[in-house]
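> Residues 11 to 126 in the working numbering are what the sequence shown spells out, letter by letter.
Backbone N, C-alpha and C fix where the C-beta goes; we use that ideal spot for every residue, glycine too.
What you are looking at is a predicted structure, and each value in this text was computed from that prediction instead of being measured.
My structure is below; once you've seen it, I'll send some questions.
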Amino acid sequence: QVQLVESGGGLVQAGGSLRLSCAVSGSTFSINVMGWYRQAPGKQRELVARITAGGSTNYADSVKGRFTISGDNAKKTLYLQMNSLKPVDTAVYYCNVVQLSGINSWGKGTLVTVSS
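Structural data, given as structure tokens:
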């Protein structure tokens, strides 16, 4: 099992930046893919960015060039650097891990609010 705790959300003005963190504990040796998802009010949860155990990354078109996903193995932490934030980025952001077994784990989320 993997436990995930997000932090770093908050209120920021449009054009500003935030860095989200996801502290990972538990069976971290079995992680295959890690990612960030978000869910805006009234909308479905969507992929923002993900990174594989091999370091490959992919991003939603809407955040390419503005967001960067990275991980620190020593700190067992996943990050999402968000720059040039827009009001449409307002959402609850969730950390996700997919283990080699296929088990999916989610954090409880952190709220990001971007004001215009």
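DSSP three-state label for Val73, please.
Here Val73 sits in coil by DSSP.
> Name the residue from Ser111, Leu21, Lys96 and Lys86 whose alpha carbon lies nearest to the alpha carbon of Cys7.
No information on residue 7 is available, as it lies outside the stretch 11 to 126 that the chain covers here.
> Three-state secondary structure (DSSP) at Ser80?
strand
> To the nearest angstrom, report how far apart Val108 and Asn42 are at their CA atoms.
6 Å
> Kindly indicate which three-state DSSP category Thr120 falls into: helix, strand or coil?
Per DSSP, reduced to three states, the secondary structure at Thr120 is strand.
> Taking the beta carbon of Ile79 as the centre, do at least 16 other beta carbons fall within 10 Å, making it buried, or is it exposed?
buried
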